[in-house]
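Asker: Chains as they are written, first to last, in our numbering: chain E, 1 to 338; chain Y, 1 to 338.
Number of protein chains: 2
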Amino acid sequence: MSQPTMQQVAERAGVSTALVSLVMRDAPNVSDYRRELVLAAADELGYRPNVLARNLASRRTNTFGIVLNDFHNLFFAEVADGIQAAADEAGIRLLYGNGKHSVAGEAEAVETFLQFRVDGIILAGSLDVDTMEKAARSAAVVVVGRTEQSKSVDTVNTDDAAGAALVVNHLANLGHRRIAHIDGGSGAGAAERSFGYQTTMKERGLGDHIQIVAGDYTEAGGMSGTEALMSSAMPPTAIFASNDLGAVGAMDHLVDAGYRVPHDVSLVGFDNTALAAMSYVSLTTVNQPADDLGAMAIRLVRERVDGRVEPHQYVGAPSLVVRTSTAAPAIATDPNGA
Amino acid sequence: MSQPTMQQVAERAGVSTALVSLVMRDAPNVSDYRRELVLAAADELGYRPNVLARNLASRRTNTFGIVLNDFHNLFFAEVADGIQAAADEAGIRLLYGNGKHSVAGEAEAVETFLQFRVDGIILAGSLDVDTMEKAARSAAVVVVGRTEQSKSVDTVNTDDAAGAALVVNHLANLGHRRIAHIDGGSGAGAAERSFGYQTTMKERGLGDHIQIVAGDYTEAGGMSGTEALMSSAMPPTAIFASNDLGAVGAMDHLVDAGYRVPHDVSLVGFDNTALAAMSYVSLTTVNQPADDLGAMAIRLVRERVDGRVEPHQYVGAPSLVVRTSTAAPAIATDPNGA
DNA sequence: TCTAATTCTTGGAGCGCTCTAACTATGACG
DNA sequence: CGTCATAGTTAGAGCGCTCCAAGAATTAGA
């Protein structure tokens, strides 16, 4: 299992190791003749640079670590793709860590990256402020999907409140007045979504119809929340769940209880995950510009690595994806309306 | 951003760097007194071992890399959790790579791991034999979810044929005779599932009812396959999709076309992903023992690292998870039966 | 008290690579 | 032909850590 070293390549090519190093790093000022020589020797030997040694010497790994809060959350898969694409383009290596959906798991993943001396760390859906602050002391850090302010960390996320506004306006335009919201609890962006919902309801003169029930970004939360909503004195004609999974939970309860979607109740999610896109679900939802966020995350980390110190916050624009879970309410004229 | 080194810790603790090294590696034969001293100094300095240097010297990284074929596939998330749990227990660091669902992406991820000199590589859902063979020349490799035979690589997977048998028997026991299968094409394990389906159908004397339609592990494949099936001269009373996603596609078509599941048609998937577990879907499916597979994957890699050379194949036992998508056929006595 | 065995501790030579400083060709120019 | 640039190449000192060989301290035994 012992790998060939630069030394061996140098000997075979009849040059110094320094020259091999230059060739390996694509440095200028190497004659084509020698370059070919070195490349050929490396190839024959099956030489592969040792990142460990390389970076011990150069103090740079040209590698970023990205901690995914939860491998089961499809939204992060989306974001990961965006980030990976941007990293590929920039010639940066990306290593992933499993946050195991827990503060401790995230801290461990971060620690591993730090020990590997990655140049930067991207925290996708991070749970813990301490963890990110600590990481920021040793590497460039950007947080995706959270808005925690911090001088030492950059953030990248979608304008959740604007996304919520998109939803409420869409529903209101369809003629809905009793639009309820299933809150996302402590989930990333949940507070902003709820805030955007309330604000927009008021703007549309629907303040009296604001109805919020607790949830938590899970299917179960969506189910129980919807159950509570539908058994209230004045059940809503449209439900805005704080994320897609919650919306599927809502869908489940609605179908079980005999309501038709969207005929009896319109339903909207958030995140535009693959789940929402499945035709069996076909959920109207809010799309987060994952590619955009990913590209920006990589860019911000690079800037930090290159010396920027002022914190930077990027907010991407959400968009509404209308599918078949929303329609005008069956009873167009709301008996309870203004 | 400059990190404290072992040297600094040694100075502060008033001992040699060698002793610090011993303490850091939890070596025996260090007096409690000195150990405390070193630990305290390290803590005060915020010292963090440099894996790069450590492993340059020891030729071991104590780190395995795992290439996930596709971050969007929830089954791999499940397997990743199993592997992570086993790795945690064994005190092994795990780094993830994004295979981007392409041969090239996987090869890149493998190359990165190799350059980082990981001790072992786990390929989850690998697409390409060349990639794994190449990786095996420089590290211990185990493939999860594929059965490609190879002297240099270990494999870990579920007995797909047995899983298919479980499905067919379950359905047959419920009284179904016209049980159709949506094939998984080139997907991991698809051929075995199809084979198991056919074999078991024959065993149950249902050979004449074998009906297979092409699919590809996607929702769209499930939809079109089901459409073809239901519009055939003798539509099935039960459909066995090669994976959960395909089953959801089937579900979608069935519901759209006015069939009730399971009243008119029973439906079974494979993999027991979170998708199948959602109450809105509630799919009867075959569970792969992800924890089991993960633990075994880690174990096999470790054995390889420790010198084993004979290839090893582990096959885990699948189990059936019965949910609400299967029931006895509405017309108990099949007019076409034997 | 002396010796042998055992437990602790340490110096220092690498691990494979980068990078500075310096050296050697090679040309251009007057 | 001598002088300078400039391009091309290289020696060698680290980077932070591990681990062997060997020395120091402690304990046990006679």
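Glycine is no exception: its CB is placed at the ideal position from the N, C-alpha and C atoms.
When you compare the CB of Y/T273 with every CB in chain E, is at least one pair closer than 7 Å?
Answerer: Not one chain E Cβ lies under 7 Å of Y/T273.
Asker: For E/E344, which residues in chain Y fall below 8 Å Cβ to Cβ?
Answerer: There is no way to answer for residue 344 of chain E, as the model of chain E reaches only from 1 to 338.
Asker: To the nearest angstrom, how far is it from the Cα of E/D271 to the Cα of Y/A53?
Answerer: Cα-Cα distance, rounded: 42 Å.
Asker: Three Cβ pairs or more, each shorter than 8 Å: is that satisfied between the segment 223-231 of chain Y and the segment 167-174 of chain Y?
Answerer: In short, these stretches do not touch, since the Cβ pair count stays below three.
Asker: State the Cα-Cα distance for the pair E/Y197 and E/V255, rounded to the nearest angstrom.
Answerer: Roughly 25 Å between the two C-alpha positions.
Asker: Can you tell me which of E/Q149, E/V167 and E/G145 puts its alpha carbon nearest to the alpha carbon of E/N157?
Answerer: Nearest of E/Q149, E/V167 and E/G145 to E/N157, Cα basis: E/G145.
Asker: At a CB-CB cut-off below 9 Å, which residues of chain E make contact with Y/G97?
Answerer: L94, L95 and Y96, listed in chain order.
Asker: Would Y/L56 pass as an interface residue toward chain E - the criterion being a Cβ-Cβ separation below 7 Å?
Answerer: It does: the Cβ of Y/L56 has a partner Cβ on chain E nearer than 7 Å.
Asker: So, is the C-beta of E/V9 closer than 7 Å to a C-beta in chain Y?
Answerer: Not one chain Y Cβ lies under 7 Å of E/V9.
Asker: Output needed for Y/A103: all residues of its chain with C-beta closer than 6 Å, excluding positions within five of it in sequence on either side, in chain order.
Answerer: First, the residue type needs correcting, since residue 103 of chain Y is Val and not Ala in the sequence shown. For Y/V103, where only same-chain residues beyond five positions count, the Cβ hits under 6 Å are L127 and D128.
Asker: How close, in whole Å, do the beta carbons of E/L94 and E/I66 come, if the pair is a contact with beta carbons under 8 Å?
Answerer: With 8 Å as the limit, E/L94 and E/I66 qualify as a contact, their Cβ atoms being about 6 Å apart.
Asker: Return no unless some Cβ of chain E is closer than 7 Å to the Cβ of Y/R60.
Answerer: No, because no Cβ of chain E sits closer than 7 Å to the Cβ of Y/R60.
Asker: Determine, using beta-carbon pairs with one atom in the segment 292-301 of chain E and one in the segment 252-267 of chain Y, whether at least three such pairs fall under 8 Å.
Answerer: Output reads no: the segment 252-267 of chain Y does not touch the segment 292-301 of chain E.
Asker: How far does the alpha helix (DSSP H) with E/Y280 in it extend, from its first residue to its last?
Answerer: It is not in any alpha helix (DSSP H) - E/Y280 carries neither H nor E in the DSSP assignment.
Asker: Kindly examine the ligand ADP and report whether one of its heavy atoms sits closer than 6 Å to the Cβ of Y/I239.
Answerer: As for the ligand ADP, it is missing from this structure, which has no ligand bound.
Asker: Taking three-plus beta-carbon pairs below 8 Å as touching, is the segment 240-253 of chain E in contact with the segment 208-222 of chain E?
Answerer: Yes, since at least three Cβ pairs between the segment 240-253 of chain E and the segment 208-222 of chain E fall closer than 8 Å, the two stretches touch.
Asker: Using a C-beta cutoff of 7 Å, does E/F240 count as contacting chain Y?
Answerer: By this cut-off, E/F240 is not an interface position.
Asker: Given that E/M230 touches chain Y, what residues does it touch there, using C-beta distances under 8 Å?
Answerer: None at all; the shortest Cβ gap to chain Y is about 16 Å.
Asker: So with Cβ pairs under 7 Å, would you call Y/D128 a contact of chain E?
Answerer: Judged by the 7 Å Cβ criterion, Y/D128 is not in contact with chain E.
Asker: Is it true that the segment 276-283 of chain Y meets the segment 314-326 of chain Y, where meeting means three or more beta-carbon pairs spaced less than 8 Å apart?
Answerer: As far as the Cβ criterion goes, the segment 276-283 of chain Y touches the segment 314-326 of chain Y, which means the pair count is three or higher.
Asker: Please go through the segment 243-312 of chain E and give each complete alpha helix (DSSP H) segment of 4 or more residues, from N-terminal end onward.
Answerer: Listed in chain order, the complete alpha helix (DSSP H) runs (minimum 4 residues) inside the segment 243-312 of chain E are 244-256, 274-277 and 290-305.
Asker: In the structure shown, what three-state DSSP assignment does E/Y33 receive?
Answerer: Three-state result, E/Y33: helix.
Asker: Closer than 8 Å by C-beta to E/A162: which residues in its own chain qualify, once you throw out the five before and the five after it? Chain order, please.
Answerer: Within the same chain, E/A162 has close Cβ partners G196, A317 and P318.
Asker: Using beta carbons (cut-off 7 Å, strictly below), is Y/T17 in contact with chain E?
Answerer: False, the Cβ-Cβ gap to chain E never drops below 7 Å.
Asker: Between Y/L56 and Y/A86, what straight-line distance do the alpha-carbon atoms span, to the nearest angstrom?
Answerer: So the alpha carbons of these two residues sit roughly 26 Å apart.
Asker: Does E/F75 have its Cβ less than 7 Å from a Cβ in chain Y?
Answerer: No, because no Cβ of chain Y sits closer than 7 Å to the Cβ of E/F75.
Asker: Kindly indicate which residue of E/S152, E/Y96 and E/Q211 has the alpha-carbon position closest to the one of E/R177.
Answerer: Minimum Cα distance to E/R177 is reached at E/Q211.
Asker: Can you pull the chain E neighbours of Y/A358, defined as C-beta to C-beta under 7 Å?
Answerer: There is simply no residue 358 of chain Y to check, as chain Y begins at 1 and stops at 338 in what is shown.
Asker: Excluding the 5 residues flanking E/A276 on each side, which residues of the same chain have their C-beta closer than 6 Å to its C-beta?
Answerer: For E/A276, where only same-chain residues beyond five positions count, the Cβ hits under 6 Å are D244, G269, L283 and T285.
Asker: Helix, strand or coil: how does DSSP classify Y/G207 here?
Answerer: Reduced to three states, the DSSP call for Y/G207 is helix.
Asker: For Y/A332, which residues of its own chain have a beta-carbon under 6 Å away from its beta-carbon, when the five flanking residues on both sides are left out?
Answerer: Note on Y/A332: pLDDT 47, under 50, position unreliable in the model; the coordinate value appears next. Only G175 meet the Cβ criterion.
Asker: Touching or not, the segment 65-82 of chain Y and the segment 74-88 of chain E, by the rule of three or more beta carbon pairs under 8 Å?
Answerer: Yes: at least three Cβ pairs fall under 8 Å.
Asker: Is the beta carbon of Y/G120 less than 7 Å from the beta carbon of Y/A107?
Answerer: The answer is no: Cβ separation not under 7 Å.
Asker: Bridge partners of Y/T158, per DSSP?
Answerer: Per DSSP, Y/G316.
Asker: For E/M132, return the contacting residues in chain Y, with the cut-off set at a CB-CB distance below 9 Å.
Answerer: Here the premise fails: no neighbours, minimum Cβ distance about 16 Å.
Asker: Determine the direct distance from the alpha carbon of Y/M234 to that of Y/P335, and round the result to whole angstroms.
Answerer: Model confidence at Y/P335 stands at a pLDDT of 46, short of 50, so the residue's coordinates are unreliable; what they give is reported in the following sentence. Straight-line Cα distance between these residues: approximately 11 Å.
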